[in-house]
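Colleague:
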Amino acid sequence: MPKEAFRNCVFPDDCIRRFGSDQVSFETPINEDGIGTMSRLVKSEDPILGMAKMNEDNDATLLVMRLNPALRNLGPTILSVELP
Numbered sequence: 361m362p363k364e365a366f367r368n369c370v371f372p373d374d375c376i377r378r379f380g381s382d383q384v385s386f387e388t389p390i391n392e393d394g395i396g397t398m399s400r401l402v403k404s405e406d407p408i409l410g411m412a413k414m415n416e417d418n419d420a421t422l423l424v425m426r427l428n429p430a431l432r433n434l435g436p437t438i439l440s441v442e443l444p
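So the working numbering is basically just the index in the sequence shown, starting at one, shifted up by 360.
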């Protein structure tokens with residue numbers, strides 16, 4: 361995803377955690393627009409979890425997922441994987 365996709369984006373409802381200078385994890389709440397809905401996922405009754413990492417060229421790798429309630433506890437484990 362090119363860095364231009366993130367310009368002028370403000371998502372006050374997203375919960376964002378920074379990991380160093382080049383990586384963040386985020387949660388887009390239920391029925392809200394946010395970083396998670398910048399992907400192929402749309403607003404729904406389930407939150408969107410994800411991670412974004414910038415590379416040396418300032419391009420981003422974006423991982424987004426929506427887990428059903430029975431699997432939601434796996435979100436932190438999945439997000440702990442280091443992105444390329």
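Virtual Cβ for every residue (Gly too), placed ideally from N, Cα, C.
Since the structure is predicted, the reported quantities are computational estimates derived from the model, not experimental observations.
Can residue 439 and residue 424 be called in contact, C-beta distance under 7 angstroms?
Modeller: Against the sequence shown, residue 439 aligns to sequence position 79. Against the sequence shown, residue 424 aligns to sequence position 64. No, they are not a contact pair.
Colleague: Rounding to the nearest angstrom, what Cα-Cα distance links residue 429 and residue 407 in this structure?
Modeller: Position 69 of the sequence shown holds residue 429. Position 47 of the sequence shown holds residue 407. Between residue 429 and residue 407, the C-alpha separation is close to 10 angstroms.
Colleague: Which of helix, strand or coil does DSSP assign to residue 410?
Modeller: As a first step, residue 410 is located in the sequence shown; it is residue number 50 there, counting from the start. Residue 410 falls in the strand class under three-state DSSP.
Colleague: In chain order, what residues of the same chain have a beta carbon less than 8 angstroms from the beta carbon of residue 435, not counting five sequence neighbours either side?
Modeller: Within the sequence shown, numbered from 1, the residue matching residue 435 stands at position 75. Correct list, in chain order: 409, 425 and 427.
Colleague: Tell me, please, which residues DSSP counts as bridged to residue 421.
Modeller: Position 61 of the sequence shown, counted from the start, is the residue given in the question as residue 421. Answer by DSSP bridge pairing, in chain order: 413.
Colleague: Return helix, strand or coil for residue 426, following the three-state DSSP convention.
Modeller: For the purposes of this step, residue 426 is taken as the residue at position 66 of the sequence shown. It is coil, neither helix nor strand.
Colleague: So the candidates are 399, 382 and 405; which of them puts its Cα closest to the Cα of residue 417?
Modeller: Indexing the sequence shown from 1 puts residue 417 at position 57. Per the Cα distances, 382.
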